[in-house]
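In what follows, a structure is listed as structure tokens, so that the remarks can point back to it.
Numbering (the working numbering), first residue to last: 2 to 323.
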């Protein structure tokens, strides 16, 4: 091959490589935040409910107040309420009044004492399937507490407001469709608004996560049973309190993609995407879209290379004829 042609082909190939690299990096670089690992979505945690991209709840009064009180847009990382090196010393690391924000100043808005946080409707004494969206799965232990009878949501949450023992304690639950799922029996006799407090202790990393999920007990037991242990039966309804003027919707089952655990009416095709989903490009069709861009870019560069080579030969023929 003529040296001039080689030069043109090298330039075309280099341009193709650069083009492909740029497109691939633009799709891969903004993967999930480095320290983002998970959050409860059933019952939904305050952090997940108030994520800025959660269109169902982010504009609720409680969430707006939380966002305004949390500096630097911390709630974008709604799955990063973690503390390092806790080693089981929860009360010494997370002070009273700061449980819902994991004792982190960046998440202090989640500690606001309010009675209008988005809440999941549940039955007292019922079996409930807890679902924890794992944006980055890690093996670990989940201990789940609930507030005592007489809990006052207008006061900051303290350790002494929680029942002495967790009502769920499970290690390495099954990971199903990007969520850790496990069943627990909700305490009997609970009425009105309460907080379910989840502690997730990683065993593969020195990280411990803390989450508050607001719940509203209503009606009687959905699955009355004499057995004290969780058994099969009618699960609690996976619905959440509607905002004023809006109906209480049922929840659609999430796909394997990472979605903010917002409520979507049953049968709806609407997708409410999380900051992680958008950043990581984990949206149906995104991967194919990235490949299509690479292919289109490659074809365009190769076509340009052909034009360059043809121009070279035309110029050469012109010089010979002259």
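Where is the CB? At the ideal position from N, CA and C, for every residue including glycine.
(message) Could you check whether the stretch 101-109 touches the stretch 160-175, counting it as contact only if at least three pairs of C-beta atoms, one from each stretch, sit closer than 8 Å?
(response) no
(message) Helix, strand or coil for residue 60? Go by DSSP, reduced to three states.
(response) coil
(request) Quick one: grab the DSSP three-state call for residue 156. (result) Looking at residue 156 - three-state DSSP - the assignment turns out to be coil, as it is neither helix nor strand.
(request) Measure the alpha-carbon distance for residue 117 versus residue 63 and round it to whole angstroms. (result) 6 Å
(request) Compute the Euclidean distance between the alpha carbons of residue 68 and residue 112, then round it to the nearest angstrom. (result) 11 Å
(message) Among the candidates 43, 178, 82 and 174, whose CA atom is the shortest distance from the CA of residue 102?
(response) 82
(message) Tell me the rounded alpha-carbon separation between residue 182 and residue 304.
(response) 52 Å
(request) Please go through the stretch 110-159 and give each complete alpha helix (DSSP H) segment of 4 or more residues, from N-terminal end onward. (result) none
(message) Could you check whether the stretch 140-159 touches the stretch 190-204, counting it as contact only if at least three pairs of C-beta atoms, one from each stretch, sit closer than 8 Å?
(response) yes
(request) Go ahead and pull the three-state DSSP assignment for residue 286. (result) Because residue 286 carries a pLDDT of 30, less than 50, the predicted location of this residue cannot be relied on, and the following value inherits that uncertainty. Of the three classes helix, strand and coil, the one that applies to residue 286 here is coil, per DSSP.
(request) Tell me whether the beta-carbon of residue 123 lies closer than 8 Å to the beta-carbon of residue 158. (result) no
(request) Report yes if the C-beta distance between residue 121 and residue 80 is below 8 Å; otherwise report no. (result) no
(request) State the beta-bridge partners of residue 68 as determined by DSSP. (result) In DSSP, residue 68 forms no bridge with anything.
(message) Checking 8 Å against the spacing of the C-beta atoms, do residue 126 and residue 217 come in under that value?
(response) no
(request) To the nearest angstrom, report how far apart residue 155 and residue 71 are at their CA atoms. (result) 19 Å
(request) Return the Cβ separation of residue 53 and residue 214 in integer angstroms, given the expectation that the two are a contact with Cβ distance under 8 Å. (result) The Cβ separation is near 19 Å, so there is no contact.
(message) Run through the DSSP bridge pairs and tell me what residue 51 is partnered with.
(response) In DSSP, residue 51 forms no bridge with anything.
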